[in-house]
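Remarks on the structure that follows.
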Amino acid sequence: MRSVTPVLAAAGLAVLTACGGSDAETSTAAPTTNTAAATTATTTADPGTSTAAAASGGGEVTAQAAARPRTIATGLNTPWSIAFLPSGDALVSERGGVIKRVAAKTRRVTTEMRVPGVVEQGESGLLGLAVSPTYAKDRMVYAYLTTARDNRIVRFRLRGKPRVVVSGLEKAPIHDGGRIAFGPDGKLYAGVGDAGNTDLAQDQDSQNGKILRMNPSGSVPKDNPFPGSRVFSLGHRNVQGLAFDAKGRLWASEFGQSTRDEVNLVEKGKNYGWPTVEGRGDTQGGKFTNPLVTWATSEASPSGVAIVGTHLYVAALGGERLWDVPLRGAKTGRPKALLQGRYGRIRAATAAPDGSLWIATSNRDGRGDVRSGDDRILRLAVKR
Ligand SMILES: [Ca+2]
């Protein structure tokens, strides 16, 4: 399934069916998880997952793993993104189109608003949220969502009318990207999937299969790598995780197709290889940039990412775990698996204002085993 013909790629649902267990968001893991884990990363089990520890041969329990997760909220339906307001309240997008609010002090969950025009189909719907870095002044919240026509980014005041930031991104039942994040430069970054059309990732005129960089209004910053274009980096399949480290470097997770998922250090104007290269491969003399971390798709299927201190946390859907990737400047250390098999599919990971990490499960997204209380948000005390 590495090279998909354009005809097949154009029919998103056909790809979904054809890929079967190898599609990135699916939880149908290949039966090689533990073997693959042993060869690529030391899988450190969370306390209580003794089977996982035994299977991976690892007995080491890190400070991160030892931190017992606390449930913050239950009964959510496919939460996709968590974003904190300056007050400490958290906004949570549910893929069907609702934004919930988790109160900072009481942790009471209330429905904040329904975002108009959202059409949830397959992997698409109401996806990423971002709070304006100048929220105190403008009170703007940004959302990446799917409508009947397209994927788009809108902004609004809570309970107010959304206005378009960017529209016309191709949508599909799969590979819709959807993560948005403000950089320390005040620009808005967005992971846009290839919408099942692999050719778009290398097409400089398409905004699909890219990471975009834009002004908060949606206009193109003058210092973008390609004049007049929001494209910041290209050659991406489906980026659903974006986070900036303390030095302003951009880290992104990316779903592979059938072999390797990726964590990339994303730099202006670079080409990350899809669909020519999945995982690490021939850079063709530097034309392509290789990922710093890869996993078998059964171990990860990575969605949201968050940085706390010098660790990148990667929420894994199909892998049903949280990956802890130590960051050493622009390099990465050996990843450790946390919470493996404990909570099912994990979609979102967000650094909370108190230095903890909040994650959200995604067991009600149509591909998980729904457990009592799903979907839930958990808080983890992690090393800073
Ligand atoms: Ca790549």
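Counting along the sequence shown from 1, when you hit position 248 you're at 248 in the numbering used here, and nothing is skipped either side. Note that beta-carbon positions come from the ideal geometry of N, C-alpha and C, so glycine has one too.
Residue i CB to nearest heavy atom of ligand 1 below 6 Å
i	result
Gly-177	no
Glu-267	no
Trp-274	yes
Glu-123	no
Glu-262	yes
Residue i, buried or exposed, once every other Cβ within 10 Å from all chains shown has been counted against 16
i	result
Ala-148	exposed
Val-370	exposed
Thr-44	With a pLDDT of 34 at Thr-44, under the threshold of 50, the predicted position of this residue should be treated as unreliable, and no value is reported.
Asp-324	buried
Val-154	buried
Thr-283	exposed
Ala-73	buried
Val-118	buried
Gln-340	buried
Val-165	buried
Gln-204	exposed
Lys-270	buried
Arg-159	exposed
Lys-386	In the structure as shown, the chain starts at 1 and stops at 384, and residue 386 therefore has no counterpart that could be examined.
Lys-161	exposed
Ser-87	exposed
Arg-379	buried
Gly-279	buried
Gly-128	buried
Lys-247	exposed
Ala-351	buried
Trp-235	Looking at the sequence provided, one finds Gly at residue 235 rather than Trp. Classification of Gly-235: buried, given that the 10 Å Cβ count is 16 or more.
Ser-301	buried
Asp-374	buried
Gly-228	exposed
Ala-136	exposed
Pro-335	buried
Gly-75	exposed
One or two residues paired with residue i in a DSSP bridge
i	result
Leu-242	Ala-252
Leu-200	Answer is none; Leu-200 lacks a bridge partner.
Leu-312	Ile-307 and Val-325
Trp-295	Asp-261
Phe-288	Bridge partners of Phe-288: none, in fact.
Lys-331	Arg-328
Val-266	Leu-250
Trp-358	Thr-350 and Arg-379
Leu-145	Leu-126 and Arg-152
Distance CB(residue i)-CB(residue j) smaller than 7 Å
i	j	result
Ile-307	Ala-243	yes
Met-214	Leu-250	no
Gly-281	Asn-238	no
Pro-79	Val-98	no
Ala-90	Val-109	no
Ser-362	Val-314	no
Pro-291	Glu-267	no
Arg-347	Ser-303	yes
Ala-172	Ala-130	no
Thr-294	Arg-260	yes
Gly-333	Pro-326	yes
Ser-132	Arg-152	no
Asp-185	Gly-209	no
Leu-265	Ala-330	yes
Leu-322	Leu-338	yes
Gln-207	Val-220	no
Gly-125	Arg-95	yes
Asn-77	Arg-364	yes
* Ordered list of alpha helix (DSSP H) runs contained in the segment 203–232, each at least 4 residues -> Along the segment 203–232, the alpha helix (DSSP H) does not occur as any fully enclosed run of 4 or more residues.
* Ignoring anything shorter than 3 residues or poking outside the segment 97–125, list the beta strand (DSSP E) runs there in chain order. => 98–102 and 109–114
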